[in-house]
Amino acid sequence: MNWASPGVPFKHFGRAQTKKEKYMGCSEVFGGTLRVYTHEGSDKGKTGPSSSGKVSHEGGDKGKTGSSSSSGKVWCSDKGKTGSSSSGKETYMGRKIIDEETKEIMIGRIPVMVRSVLCWLNTHDKGDCLFDSGGYFLIKGMEKTFIAQEQRCLTRIWLTNIPSWNVGYVTEFKRSRVYCKLAEAGKGEGFNGGRFITVSFLYATFPIWILFFALGVTSDKEVLTVIGIEDLDASLVNIILATIKEAGEQCEDFRNVAKAREYVDQLVKSSKFPPTEPFNEYVDKYLFKGIEGMRDKALFLGYMVKCLLLGFLGKRKCDNKDDFRNKRLDRAGELIARELRAHIWHAEKRMIKSMQRDLCGDRELRLDDLDHYWDSSIVTNGLNRAFSTGAWCHPYKRTERCSGIVANVRRTNPLQMMSDLRKSRQQVAYAGKAGDARYPNPSYWGKLCFLSTPDGENCGLVKNLSVTAIVSSKITSPMDHLVSIGMVKLNTVSLTDINTNDKVFLNGDWVGICPDANEFVSNFRSLRRSKIINPQVEIKRDRHQREVRIFSDSGRILRPLLIVENLEKIQAPKAGGSFSFQSLMDQGIIELIGVEEEEDIQSAWEIKQLFAKEAGKPVPKYSHVEFDQSFLLGLSCGLIPFANHNFARRVLYQAEKHSQQAIGYSTTNPNIRIDTLSHQMYYPQRPLFKTFLADCLGRHEYSMGRKDDFIRPEFFNGQNAIVAVNVHQGYNQEDSIVMNKASLERGMFRTEHHRTYKSEIDGKELSKRLKNKDNVIFGKIESKKGRVDSLDDDGLPFVGASLQSGDIVIGKVSESGEDFSVKLRHTEKGMVQKVVMSSSDDDKNFAFVTLRQVRSPCLGDKFSSMHGQKGVVGFLESQENFPFTRQGIVPDIVINPHAFPTRQTPGQLLEAALGKGIALGGHMQYATPFSTASAEDITEQLHKAGFARWGSERVLNGRTGEMVQSLIFIGPTFYQRLIHMAEDKVKFRNTGPVHPLTRQPVADRKRFGGVKFGEMERDCLLAHGAAANLHERLFTLSDFSQMHICQMCKRVANVIMRPSSGGKKVTGPYCAFCKSSENIVRTNVPYGAKLLYQELFSMGICLKFETEVC
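Using numbering that gives the first Met the number 0, the first residue of the sequence shown is number 0, and each one after it goes up by one.
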């Protein structure tokens, strides 16, 4: 964890390393994770104790009172880097100030994102993992990352008709929320329609006409002018008249400003949470906080009423909560700032109570020792608990917590880690019906990958950003620039000009008007392209509503597009250089487009489309053009070759499952890191093909690129195998594959697996389990749990020791003889790779023992191509028995031909054919989705090289030497070895633990549970005629039981103790119905059948059984 305390060194056998060297990051997280955290952390993170009460200190000639507060160091990093301080408003008495003294206190320790500006690892490269791009946090030795949370966009108008017509101005704090609603009048009231407009403000609801006059409007006509509806039909007239009538009934003289304010103040002060300020202050503080002045607030209130009435008339659409125009992404900066505010508020209340106790009692107030009152552990432990449990503050409800915000970083391969950093999640109950939340929305286009989403209950709720999408940071308000290009501020505009010009909104607040909207928008975009205005600022012109909306807030998803009119301005790079996004941004060739602004542009698919012309149709006028169609996909999807040729479900499987389960290089510094479980492939390879996305990722000018011009190899985890499509001895039926045993012996797909065992070595975790105050002794012990032959005198195994299942990994025992040793997991084995002693931030000492095991593929291991063609190894065939081509090429893998029509993955056939052409030509070629060579081009390339056009060849039978009559499709294909291995899932059992109720075997593999035996397994045994084996599996080794049945009444007899004729008690079967122990037989039945009989009997249903002697 990046706390303020210095790093505690590991005690390593042979080398000493600091704890931080385990977690070094390398390059920037693509998409702006580090940028958003750094910006928001330096802005929203400046949170100190707010003024919740007055603190005064008088003495001598110095006096000071008011809401003064000071915040000291916020310790963020391991080097004790101090954070920014925040001070409250200071008010001084009219006395002479002789001296001032400011003392810094520690508010709390805040985790720092790895590789951010605040992290000291940002400038360190030595010993760093080349694949680590940062963007995560270190909490108690665990790597934690945030999942971006989709939240409702605040400070903007929301129009809805569910459950009734209302328009709301929603903010983070409830007191600042304003709602206008069409309410139903009582029976016999109103004018025809029976509706009038109410406003809800500060928990008080009253007719909106009263609030207009309380804000300074002088007449009904002026109210209508403020609302700004030109054509009033009969329904609107009825609503307005009903509103005026309702206002007159509640407040007789509401047209008097003083009376209206008095009435509103009376309602607000009688609400459940009344403000303490007078009318003018709480209106300025809570009513449209971003707008200043009573007049401007009245204008914005009139605009809300106009939106409500237009929506009621069907002239304005209701806002869609699933549209990304109405959403923002909360990332690390916003989430930590919100959590930090809650804990500082808690600590501040605690400090006030402590100071009040000293003031009211006989003790003296200790102003010289503020650390005595401020409890920094509230902030430290609160943030630590939030990261550990995943329960964070609700964005709108302070007393509620949200889950699913923080997740552990998964490091099976770098692609999995990078994909996890680009996920977003919608706060909807997974188990419930989410309605339209799960379905794709048109606003997702180009911003979110429309394929990368989990299957199951998370489908549509957890999403992935597209490869070029970024999340905006909070930008400085461009108000001065808006005035310079023609905007007139709202407070200087007359009422007559307001309704004849386009309104200008900045982050949802009405700030002015513009006489010429076209020129205004054009000038704004010119300033943005020249970087006078920040490129992340978004502008949208709504011609229908006559509005210009500008956004500079954080959490918006933006994506870059090429500007068509500026393509001719592209300057060639210098010798040895190449294009980069930054250089194109500086030249004004690229601009970032948001969700709302994208509705105003017309974008072409590709450059060719700019010049395409259909017969009889004019050439469309495009304003922008896409970089590449594959950039619409996510990171995992964009790396799949020929993804557009495959069934969408198979692309989803590869993007969300197989690519993130593939074994490659998880890290480049495995000797420094200590992971619970990690996998490394000995000889990972780059694929023969490349995609446009992979090409961009390999360039150092790209934000995720490296310092060379090659594709990033860590994003491809597998090897190039020669794959033949054929049936081989029936062992590759369904989805199984047959592999070349000689290829595996030469090291193909050979992997190394590390598992680390951890144990606390100071006995603190065992104090509650010990019956007395015995100390825990470490050393070579005599343990009944397992073998201790490999342990040294310190209770830890020596490096290089070979451990088997049942061996003790860490030996420790109490003085009373109770054994607390750590035993090797069931069915696991390995060689001791390293032994490490370490200590945590809370001074607990731990021992880590890492085992290493080398594994070659065996029967039951799972493999997959990059097209979702997964399969398990069904047979390992000798090389001499495999078919071979005329050139002597022997396949490494043989798959079943039925895999292609059932799974609809012709992209794999194209990859194999292209791979054969690449191997013959000696240079890599593109297999980018949507924009690659056609199948005809690939076949022509093979034909010129002397091969069949479609990749099929004549092969010879390895067993007989004869030529196989049918043509066999064969070619190189990139295959991945997945983490699902038979050695990790092997399960065996004769008899063992059973459930106490059903007597069925337990389900846990670690508890020696039963083997899953479903209908398919049952059908297989029946097909083989193994009835006795089936009877043994499902009965004898499962829930064997016996039951006694009376042959006279056909009911179940019980085994009881009853008196005999001689006066002695005997135990035996006895029929309670027939009152006899005669004619009772014993039968063997599954315990489940006996349990069913007993449950039915308790319901009053009695079963009878027919028996006969076999």
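Every residue gets a Cβ at the ideal spot worked out from N, C-alpha and C, and that includes glycine.
Just so you know, these numbers come straight off a predicted model, no measurement behind them.
Residue nearest to residue i in terms of C-alpha spacing, selected from the options
i            : options                  : result
residue 562  : 594, 536, 619 and 603    : 603
residue 1110 : 215, 524 and 139         : For residue 1110 there is no data in the structure shown, the boundaries of the chain being 0 and 1109.
residue 505  : 970, 527, 485 and 536    : 536
residue 791  : 546, 611, 179 and 848    : 848
residue 531  : 606, 479 and 722         : 479
residue 376  : 108, 550 and 743         : 108
residue 985  : 1011, 1088, 1043 and 994 : 1011
residue 196  : 150, 98 and 306          : 306
residue 402  : 495, 838 and 427         : 427
residue 155  : 140, 176, 139 and 142    : 176
C-alpha gap between residue i and residue j, whole angstroms
i            : j            : result
residue 715  : residue 688  : 11 Å
residue 312  : residue 222  : 19 Å
residue 968  : residue 895  : 11 Å
residue 78   : residue 133  : Annotation note: pLDDT 29 at residue 78 (below 50); position unreliable, no value reported.
residue 1105 : residue 1034 : 20 Å
residue 1095 : residue 1102 : 8 Å
residue 1024 : residue 1031 : 13 Å
residue 170  : residue 983  : 51 Å
residue 996  : residue 453  : 36 Å
residue 55   : residue 366  : For residue 55, the predicted structure reports a pLDDT of 38, less than 50, and the residue's modelled location is therefore unreliable. A value from the coordinates is still provided. Computed Cα separation, rounded: 10 Å.
residue 44   : residue 467  : Confidence is the limiting factor: at residue 44 the pLDDT is only 48, short of 50, which leaves the residue's position unreliable, though a coordinate-based value still follows. Near 28 Å, if we compare the C-alpha coordinates of residue 467 and residue 44.
residue 331  : residue 713  : 26 Å
residue 411  : residue 591  : 33 Å
residue 534  : residue 527  : 5 Å
residue 477  : residue 512  : 15 Å
residue 440  : residue 319  : 10 Å
residue 290  : residue 510  : 8 Å
residue 98   : residue 344  : 30 Å
residue 758  : residue 131  : 27 Å
residue 644  : residue 905  : 6 Å
residue 542  : residue 301  : 20 Å
Burial state of residue i (16 or more Cβ within 10 Å)
i            : result
residue 766  : Residue confidence for residue 766 is low, a pLDDT of 38 falling below 50, so the modelled location carries little weight and cannot support an answer.
residue 514  : exposed
residue 1070 : buried
residue 857  : exposed
residue 676  : exposed
residue 681  : exposed
residue 754  : buried
residue 277  : exposed
residue 1108 : exposed
residue 1074 : exposed
residue 944  : exposed
residue 1065 : exposed
residue 346  : buried
Cβ-heavy atom distance, residue i to the ligand MG, below 8 Å
i           : result
residue 254 : Of ligands this structure carries none, so the ligand MG is not represented either.
Neighbour flag for residue i against chain C, beta carbons, 9 Å
i           : result
residue 855 : Of the protein chains in the structure, only one exists, and it is not chain C.
4 or more residues per run - each alpha helix (DSSP H) lying fully within the stretch 599-675: 634-637 and 647-652
Is it the case that the stretch 652-667 contacts the stretch 949-968, given that we only count it when at least three CB pairs across the two stretches are under 8 Å? no
Complete beta strand (DSSP E) runs within the stretch 87-155 (minimum length 3 residues, chain order): 136-138, 141-145 and 147-151
Taking 8 Å as the cut-off, does the stretch 931-951 touch the stretch 896-916 (at least 3 CB pairs, one atom from each stretch)? yes
Contact between the stretch 249-258 and the stretch 146-153: three or more CB pairs below 8 Å? no
Hey, is the stretch 148-162 in contact with the stretch 365-385, meaning 3+ C-beta pairs nearer than 8 Å? no
Can you find at least 3 beta carbon pairs, one from the stretch 366-378 and one from the stretch 386-404, that sit closer than 8 Å? no
Take every Cβ of the stretch 496-504, pair it with every Cβ of the stretch 543-551, and state whether three or more of those distances are shorter than 8 Å. yes
Meets three-Cβ-pair contact criterion under 8 Å: the stretch 793-813 and the stretch 823-834: yes
Taking only runs that begin and end inside the stretch 350-427, name each unbroken alpha helix (DSSP H) of 4 or more residues, in chain order. 376-388 and 413-419
Return the chain-ordered ranges of every beta strand (DSSP E) run that is complete within the stretch 822-906 and spans a minimum of 3 residues. 829-838, 844-854, 861-864, 869-876 and 892-894
Residue ranges of each beta strand (DSSP E) within the stretch 735-759, 3 or longer: 736-739 and 750-759
Are the stretch 730-743 and the stretch 876-896 touching, with three or more C-beta to C-beta distances below 8 Å? yes
Cβ pair count under 8 Å reaching 3, the stretch 787-801 against the stretch 865-884: no
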